[in-house]
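Chains as they are written, first to last, in this note's numbering: chain A, 2 to 240; chain B, 117 to 444.
In this text, a Cβ means the ideal position worked out from N, Cα and C, and glycines have one as well.
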């Protein structure tokens, strides 16, 4: 079943088309990779889907319902949540408070504090941060801050999770752990779109990959198809 | 450590109850001048606490306190004779609440310095529009106010202060208090985890202004005559902001202590050193900002920490925000 359908999505910054006529669909339960050189429009695409930006043309359907033009908090409550490329946590709040906020406000309906606390605890345990429960999130290392962000997103109980460069800046061991985490999230029944530059991760865990360049979708396919595609190799390595 | 924390939990409510009780009986034992002086302190406490309820948590520096205060003053000037005192005070609050809703809806999409400047200019705008209206349409500048005795004003302010402290306490304990803090911490992230940031900001702004308006409504009865220049004096915008910084942002005690000490200091300086008052005052402010970035309360906390922890604690340091490698 299609969970997300993007059609002719276009966004101009001044005269520049940051995203131009992008179409794609996401099937429920898959991990979709989104790659492309810097400035290709990957994060802009995320911004358009999550409601940070309003598209100039095109539309986004989430579970068959049009969500483009809605405010980010509404989209989140519908079950579509994202993380940020430059990790955005609440540094002076405890890890628990960070995640609790997601549970309190991100769910489709208002939930009681006690219930939200349970959801938050579960999400913190799931990403493996129970030991840091009461520490200010800002005092954690980068990899753990990213986990806080993921836990906070999970606490909103999403159906579709968009991860923006979750593995950037991590060492090889941490990348391995992050890949494990992404798979475990998918196993919870959450569909994932991930922007990533770490090719090893993308090729290993994504079922399907979309390649963006200059705001346009230039290729789409399985990891094998993408890694052998002539256009993709040209873009990444030059002609 | 744990036990001292548990005791500290009970100390604060007890101290507050004792303080309120003391404040309630003070007028029976002191001279009228002191009551008027305490009245001024309470007024600034309300303004400062209200200001920090919104600006202290969300990080949006509002300089429109004078607009809400003036709205309260003017409500009394025009409705004072027609309404009983409690109703009049509430009306002042409602006027300010409505004004804040309107201003919030227009301005809270602005960020940082733009928001501060817009709120500042709104005070001036309202002042000039009212002035024009009175001169050209009404034909009379300003309005007489029916006086209420100082002790009554004092008690009304005390009640407003108690209600305000209670409101802040309840908000801080609730999910909305946490959400307001998250807006101050990283608004973009807050918006993406399901928090209606614009709605929440506007509501918090209006609630804080409600109390400012009530303070204005009752303070008007201590004046004989009000015109737009008296009512919308920009000092009512600047002082609460300065007082909150002076006392320390971040918790409820800072603005409270800041407003009280600041008002007291100002009174002493004005009466004893009326020529050098601004000079001394400015120096104190500069020194505060330079050396006490977390205000009087921050200073007190540091001293308390040094007294209660004899040896430097080893291990993980957990000071918030220090190592944050985030974009917010």
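Beta-carbon proximity list for residue i, same chain, < 6 angstroms, skipping 5 on both sides
i	result
residue 208/A	31, 32
residue 424/B	none
residue 344/B	243, 246, 247
residue 57/B	Residue 57/B lies beyond the range of chain B shown here (117 to 444); nothing can be said about it.
residue 287/B	293
residue 259/B	193, 342
residue 104/A	117, 120, 121, 156
residue 311/B	295
Test: residue i CB closer than 8 angstroms to a CB of chain A
i	result
residue 171/B	no
residue 295/B	yes
residue 301/B	yes
residue 361/B	no
residue 197/B	no
residue 367/B	no
residue 457/B	Not covered by the structure: residue 457/B. The range shown for chain B is 117 to 444.
residue 308/B	yes
residue 298/B	yes
residue 320/B	no
residue 221/B	no
residue 331/B	no
residue 291/B	yes
residue 240/B	no
residue 214/B	no
Residue i versus residue j: straight-line alpha-carbon distance, rounded
i	j	result
residue 206/B	residue 211/A	60 angstroms
residue 267/B	residue 384/B	22 angstroms
residue 191/A	residue 81/A	10 angstroms
residue 224/B	residue 89/A	21 angstroms
residue 13/A	residue 40/A	13 angstroms
residue 157/A	residue 409/B	36 angstroms
residue 271/B	residue 196/B	18 angstroms
residue 151/B	residue 422/B	37 angstroms
residue 174/A	residue 188/A	21 angstroms
residue 29/A	residue 205/A	19 angstroms
residue 323/B	residue 213/B	6 angstroms
residue 279/B	residue 53/A	38 angstroms
residue 398/B	residue 216/A	55 angstroms
residue 129/A	residue 173/B	30 angstroms
residue 157/B	residue 220/B	28 angstroms
residue 111/A	residue 367/B	27 angstroms
residue 401/B	residue 303/B	30 angstroms
residue 332/B	residue 137/B	24 angstroms
residue 171/B	residue 305/B	19 angstroms
residue 145/B	residue 101/A	50 angstroms
residue 420/B	residue 369/B	15 angstroms
residue 135/A	residue 191/B	48 angstroms
residue 162/A	residue 283/B	37 angstroms
residue 180/A	residue 313/B	33 angstroms
residue 148/B	residue 350/B	28 angstroms
residue 70/A	residue 299/B	22 angstroms
residue 307/B	residue 137/A	20 angstroms
residue 147/A	residue 216/B	37 angstroms
residue 356/B	residue 166/B	9 angstroms
Cutoff 7 angstroms; reference residue i; Cβ partners in own chain excluding five residues on either side
i	result
residue 348/B	182, 183, 186, 239, 242, 243
residue 133/A	96, 141, 145
residue 406/B	none
residue 359/B	160, 164, 371, 374, 375, 378
residue 297/B	173
residue 77/A	107, 157
CB-CB length for residue i against residue j, believed under 8 angstroms
i	j	result
residue 27/A	residue 5/A	4 angstroms
residue 9/A	residue 24/A	6 angstroms
residue 155/B	residue 273/B	6 angstroms
residue 301/B	residue 93/A	6 angstroms
residue 414/B	residue 362/B	That pair is no contact at about 11 angstroms.
residue 328/B	residue 106/A	At roughly 28 angstroms, the Cβ-Cβ gap does not stay under 8 angstroms, so residue 328/B and residue 106/A are not in contact.
residue 193/A	residue 183/A	6 angstroms
C-beta neighbour in chain B for residue i, strict 8 angstroms
i	result
residue 83/A	yes
residue 45/A	no
residue 38/A	no
residue 168/A	no
residue 106/A	yes
Other residues of its chain near residue i: CB distance less than 8 angstroms, five sequence neighbours each side excluded
i	result
residue 86/A	44, 165, 166, 169, 196
residue 2/A	28, 29
residue 250/B	256, 257, 258, 343, 344
residue 389/B	396
Cβ contact (3+ pairs, closer than 8 angstroms) linking the segment 152-160 of chain A and the segment 115-132 of chain A: yes
Cβ contact (3+ pairs, closer than 8 angstroms) linking the segment 291-305 of chain B and the segment 316-325 of chain B: yes
At least three beta-carbon pairs within less than 8 angstroms, the segment 225-239 of chain A to the segment 122-131 of chain B: no
Touch test, the segment 362-382 of chain B against the segment 390-406 of chain B, Cβ-Cβ under 8 angstroms, three pairs minimum: yes
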